[in-house]
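Inspection log for the structure reproduced underneath, given as structure tokens.
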Amino acid sequence: MSADTVISLNLATTRPQWGFAEAVDGCLRAGITAISPWRDQIEAIGLDEAARIVKANKLQVTGVCRGGMFPGVDAADRQKRIDDNLRAIDQAAALNADCLVLVVGGLPGSSRDLPGARQQVTDGIAAMLPHAKASGVKIAIEPLHPMYAADRACVNTVDQALDICEKLGETVGVALDVYHIWWDPNLANAIARAGRMKRIFAHHICDWLVPTKDMLLDRGMMGDGVIDLKAIRKMIEEAGFHGPQEVEIFSQDNWWKRPGDEVLQVIKERVATVC
Numbered sequence: 000m001s002a003d004t005v006i007s008l009n010l011a012t013t014r015p016q017w018g019f020a021e022a023v024d025g026c027l028r029a030g031i032t033a034i035s036p037w038r039d040q041i042e043a044i045g046l047d048e049a050a051r052i053v054k055a056n057k058l059q060v061t062g063v064c065r066g067g068m069f070p071g072v073d074a075a076d077r078q079k080r081i082d083d084n085l086r087a088i089d090q091a092a093a094l095n096a097d098c099l100v101l102v103v104g105g106l107p108g109s110s111r112d113l114p115g116a117r118q119q120v121t122d123g124i125a126a127m128l129p130h131a132k133a134s135g136v137k138i139a140i141e142p143l144h145p146m147y148a149a150d151r152a153c154v155n156t157v158d159q160a161l162d163i164c165e166k167l168g169e170t171v172g173v174a175l176d177v178y179h180i181w182w183d184p185n186l187a188n189a190i191a192r193a194g195r196m197k198r199i200f201a202h203h204i205c206d207w208l209v210p211t212k213d214m215l216l217d218r219g220m221m222g223d224g225v226i227d228l229k230a231i232r233k234m235i236e237e238a239g240f241h242g243p244q245e246v247e248i249f250s251q252d253n254w255w256k257r258p259g260d261e262v263l264q265v266i267k268e269r270v271a272t273v274c
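Numbered per numbering that gives the first Met the number 0, the sequence shown finishes at 274, counting up by one with no gaps.
See below:
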């Protein structure tokens, strides 16, 4: 870890241990000054109070998680989802977040139309863009591992996300989460493409355990799995992104059961040694 490496804590990493305010206090004790909260955590404390805490402690908010989930079974359903994304933009703007992260959604209802779902994603982002631009909020599509294509995200590679970015303009970029992209045989070229487009808005880190007991809730601490974190970081930095390393770990049987302060100390040690 270089001396200027900034760690951001995605607040999912300590979700069971801490709410928004407690997580900020824990970060400050650990010397971490960047966070990425989830919308339910913001709503639990109230947007005004969350914004006050961020401002009072001069925190960088590397992202707000999450918007998205665009595909719907009919026009009314799709509009409801767009309206929710407009509220997410307001939350991100109030926290002066670097971006609003999108988990775009999967197949609606009983649909088998994957290309159609991806088109609904593009249309949904396009519908929220005027408000995002007016609010000064960048939109970061997070491609998810293909195992989530049906239910969580029909955008599964960096290239697929960048194809949407090219259609919609510079306000839309990507959040690169190593858990979801490490397997991609075209990853180096895709990250280089994102760099040329200047569309890398966030870099999320954790590790892929072998075996993985739960595909959602068994992420590993950096260094405990098989992801070549240094190689991916090198690709991302060579592409021009030198922002915080955002640690996002869902771990129901391990890290969620440990004291939050311990988790943060291990994060600092691992970022210094394996990232």
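Ideal placement from N, C-alpha and C gives every residue a C-beta, glycine not left out.
Grab the span of the alpha helix (DSSP H) containing C153 for me, first residue to last. No alpha helix (DSSP H) holds C153; DSSP gives it neither H nor E.
Coarse secondary structure for N9, derived from DSSP in three states: When secondary structure is reduced to three states using DSSP, N9 falls in the strand class.
In whole angstroms, give me the CA-to-CA distance for A126 and I81. Distance between the alpha carbons of A126 and I81: 7 Å.
When you compare only the Cα positions, how much space is there between N56 and A96? Distance from the CA atom of N56 to the CA atom of A96, rounded to whole angstroms, is 14 Å.
In angstroms, rounded to a whole number, what distance separates the CA positions of Q90 and Q78? Rounded to whole angstroms, Q90 to Q78 spans 19 Å at the Cα level.
Considering only their Cβ atoms, is the gap separating T211 from D183 smaller than 8 Å? In this structure, T211 does not lie closer than 8 Å to D183 by Cβ.
Cα-Cα separation between R318 and N185, rounded to whole angstroms: A question about residue 318 goes unanswered here, because the residues of the chain that appear run from 0 up to 274.
Three-state secondary structure assigned by DSSP to Q59: It is a strand residue.
For G115, which three-state DSSP category applies? The answer is helix: DSSP assigns G115 an H, G or I state.
Whole alpha helix (DSSP H) runs in the region 162-215 with 4 or more residues, listed along the chain? Correct list: 177-180, 186-196.
Express the C-alpha separation of G123 and R151 in angstroms, rounding to a whole number. Distance between the alpha carbons of R151 and G123: 15 Å.
Using only alpha-carbon positions, find the residue among D206, E261, D227, I138 that is nearest to T121. That would be I138, whose Cα lies nearest to the Cα of T121.
What residue range does the alpha helix (DSSP H) around V273 cover? Boundaries of the alpha helix (DSSP H) harbouring V273: 259-273, taken from the DSSP string.
Do the region 5-14 and the region 24-32 make contact, defined as three or more Cβ pairs closer than 8 Å? A contact between stretches requires three or more CB pairs, one per stretch, nearer than 8 Å, and the region 5-14 meets this requirement with the region 24-32.
Please list, in chain order, all residues of the same chain as A131 whose beta carbon is under 7 Å from its beta carbon, the five residues on each side excluded. So the list reads I88, I138, T170, once near-sequence residues are dropped.
Endpoints, the beta strand (DSSP E) within which L99 is located: Per DSSP, the unbroken beta strand (DSSP E) holding L99 starts and ends at 99-102.
Does the beta-carbon distance from P107 to G67 come in below 8 Å? Not closer than 8 Å, so no.
In the DSSP assignment, what residue or residues form a beta bridge with G67? According to DSSP, G67 bridges with V102.
Check for me: the beta strand (DSSP E) holding E245 runs from which residue to which? Counting along the chain, the beta strand (DSSP E) containing E245 begins and ends at 244-246.
Indicate the three-state DSSP secondary structure (helix, strand or coil) for D217 in the structure shown. DSSP places D217 in strand when its eight states are reduced to three.
Less than 8 Å between CB atoms is the rule here; does K233 satisfy it with respect to chain B? The displayed structure is made up of one protein chain only, and chain B is not part of it.
Option nearest V136 by Cα separation, candidates A116, K197, G62: That would be G62, whose Cα lies nearest to the Cα of V136.
Contact check, I34 vs A49, beta carbons under 8 Å: Taking 8 Å as the cut-off, the beta carbon of I34 is found no closer than this to the beta carbon of A49.
Straight-line Cα distance separating Q264 from G105: When rounded, the distance between both Cα atoms is 36 Å.
Could you spell out where the beta strand (DSSP E) holding I41 opens and where it closes? From DSSP, I41 is part of no beta strand (DSSP E) but of the alpha helix (DSSP H) over 38-44.
I138 lies in the beta strand (DSSP E); which residues open and close that run? Start and end: 138-140.
Using only the alpha-carbon positions, how far apart do E268 and R111 sit? Roughly 45 Å separates the two Cα atoms.
8 Å Cβ cutoff met for D162 and A189: Cβ atoms of D162 and A189: not closer than 8 Å.
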